[in-house]
Amino acid sequence: MSDNNNDNHHHHNKMNQSTLLTLNDRFERLCKLFDTTIGIINNDDNNDDNDKKSFNYEFLIDLLIAVYTDIQRTVKTTRDKNSSAQKFSNLVKPLIDYIKQLQLNVDDFEQIKIIGKGAFGQVSLVKVI
3 MSDNNNDNHH HHNKMNQSTL LTLNDRFERL CKLFDTTIGI INNDDNNDDN DKKSFNYEFL
63 IDLLIAVYTD IQRTVKTTRD KNSSAQKFSN LVKPLIDYIK QLQLNVDDFE QIKIIGKGAF
123 GQVSLVKVI
């Protein structure tokens, strides 16, 4: 029972922190989440650049693709066509397909020379076609 009280206290502290910030401040912080030059800083206002973390659009795209791929495994094993996973998958699939068309892939390069081979693949010197 004490864990539940700790969770409620932690949630209450987060709510107090967000209500102490003005709407403008909160909006600016949300915008900064995606600014690669500013980013966020380990949940405090410390200005040490070593602790700085930023979230950019590439991160969000990679995250979306990872979540979609993981949910696809669930969809393949679930018979319920009205599940939340299936609905999410159907909604996001066109966007994922479009993103994958735009991303770089092997066909965008001409192989010049194989530098090395190993158990997991090869490393090549390439140039953009």
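The sequence shown begins at 3 in this note's numbering and counts up one residue at a time.
Where is the CB? At the ideal position from N, CA and C, for every residue including glycine.
Being a predicted model, the structure only gives us computed values, none of them experimental.
Measure the alpha-carbon distance for K83 versus L22 and round it to whole angstroms. 44 angstroms
Please report the distance separating the alpha-carbon of K119 from that of F61. 30 angstroms
Within this structure, are the beta carbons of I117 and V125 separated by less than 8 angstroms? yes
Boundaries (first-last residue) of the alpha helix (DSSP H) holding I63: Y59 to T79
Kindly list the residues whose CB is nearer than 8 angstroms to the CB of K89, restricted to its own chain and excluding five residues on each side of it in sequence; keep chain order. none
Once you ignore the five residues that flank K95 on each side, which residues in its own chain have a CB closer than 8 angstroms to its CB? Y70
May I have the straight-line CA-CA distance separating L32 from N26, to the nearest angstrom? 10 angstroms
What number of angstroms, rounded off, separates the C-alpha of A68 from the C-alpha of V108? 20 angstroms
If you scan the region 83-126 from start to end, which runs of the alpha helix (DSSP H) of 4 or more residues do you find wholly inside it? Here the runs fully enclosed are 86-104.
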